[in-house]
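Trainee: All residue numbers for the sequence shown refer to our numbering, where the first residue is 562 and numbers rise by one. C-beta atoms are modelled at their ideal positions from N, C-alpha and C, and glycine is treated no differently. First, the structure itself, so that you have it in front of you.
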Amino acid sequence: MFLENTVNHKEQFGWIEVICGSMFSGKTEELIRRLKRAQFAKQKVEIFKPMVDTRYHEEKVVSHDENEIRSTPVPAAANIRILADQCDVVGIDEAQFFDDEIVTVCNDLANKGIRVVVAGLDMDFKGNPFGPMPNLMATAEYVTKVHAICTRTGNLANYSFRKSNNDKLVLLGETEEYEPLSRAAFYKAMLKEKISKMEVAAEEVKKKENNSPSQS
562 MFLENTVNHK EQFGWIEVIC GSMFSGKTEE LIRRLKRAQF AKQKVEIFKP MVDTRYHEEK
622 VVSHDENEIR STPVPAAANI RILADQCDVV GIDEAQFFDD EIVTVCNDLA NKGIRVVVAG
682 LDMDFKGNPF GPMPNLMATA EYVTKVHAIC TRTGNLANYS FRKSNNDKLV LLGETEEYEP
742 LSRAAFYKAM LKEKISKMEV AAEEVKKKEN NSPSQS
């Protein structure tokens, strides 16, 4: 269980917390909860999110349960270092969309005595580690992995399965684009998708062979 420490300015060292998991697992909800507790404690809090994320609101971090907290959209991780210098607590949502410099930025802020709370997807839609998240998790003092519920089995889900055939790594969407799956359900879905693609490819080859002029 995560235990909230108190920022100790005498030591001048903060720490990094990472909240990770699949889509619909409550990452942003937990991020907002921790940041609002810090605000209630009269700490100076700043929240940042990547400028690309405009699904719910351009200037707010909003959870699936419609809880929200005001944030500052930034185009790159370097902007956070400049804007967060005088804070007690810094919150960062959708960290997987930031460039790799986000890891250095978070460490620099923590070394200045700032508590850094980061939320993001740990895996992409193919089940691979997503962007800077693995390095953030490795350098963090506290890592909390939250889970969704698998839409097919009812078990705990830690994969974000993409329903469409779009292969872009970054594709913003909600339930119309993604569903949370357990390991077993995700493996079966990916296997079915792979077989389907192989069948389509084989059919295309067959059509080309049938349409090609016969050789004497």
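1. Can you tell me which of Ile608, Glu591, Asn689 and Gln604 puts its alpha carbon nearest to the alpha carbon of Arg744?
2. Nearest to Asp683 by CA position, among Leu697, Pro636, Ala602 and Leu732, is which residue?
3. Quick one: what's got a C-beta closer than 8 Å to Ile641's C-beta in the same chain, skipping five residues either side?
4. Roughly how many angstroms separate the alpha carbons of Ile675 and Tyr739, rounded to a whole number?
5. Roughly how many whole angstroms lie between the Cα atoms of Trp576 and Met612?
6. Applying the 10 Å Cβ sphere with the 16-neighbour rule, what's the burial state of Gln657?
7. To the nearest angstrom, report how far apart Ala680 and Ile710 are at their CA atoms.
8. For Ser632, which of Lys769, Val606 and Gln647 has the nearest alpha-carbon?
9. Buried or exposed: which applies to Gly715, given that a residue is buried once 16 or more other Cβ atoms fall within 10 Å of its Cβ?
10. Alpha carbons only, please: which of Ala718, Val579, Ala637 and Ala602 is nearest the one belonging to Asp660?
Mentor: From the atom records:
1. Position 183 of the sequence shown, counted from the first residue, corresponds to residue 744. That would be Asn689, whose Cα lies nearest to the Cα of Arg744.
2. Residue numbering aside, residue 683 sits at position 122 when the sequence shown is read from its first letter. The shortest Cα separation from Asp683 among Leu697, Pro636, Ala602 and Leu732 belongs to Leu697.
3. Taking the first residue of the sequence shown as 1, we reach residue 641 at position 80. Result list for Ile641: Phe609, Val635, Val651, Ile653, Ile663, Val666 and Leu670, in chain order.
4. Here residue 675 refers to the residue found at position 114 when the sequence shown is read from its first residue. Here residue 739 refers to the residue found at position 178 when the sequence shown is read from its first residue. Cα to Cα, Ile675 sits roughly 34 Å from Tyr739.
5. As a first step, residue 576 is located in the sequence shown; it is residue number 15 there, counting from the start. As a first step, residue 612 is located in the sequence shown; it is residue number 51 there, counting from the start. C-alpha separation (whole angstroms): 25 Å.
6. By one-based count along the sequence shown, residue 657 stands at place 96. So Gln657 ends up on the buried side.
7. Reading the sequence shown from its first residue, position 119 is the one you call residue 680. Reading the sequence shown from its first residue, position 149 is the one you call residue 710. Going by the C-alpha atoms only, they are around 19 Å apart.
8. Your numbering for residue 632 matches position 71 in the sequence shown. Nearest of Lys769, Val606 and Gln647 to Ser632, Cα basis: Val606.
9. Here residue 715 refers to the residue found at position 154 of the sequence shown. The residue is exposed, with fewer than 16 neighbouring Cβ atoms inside 10 Å.
10. Within the sequence shown, residue 660 is the residue found at index 99, counting from 1. Selected option, being the one with the closest Cα: Ala637.
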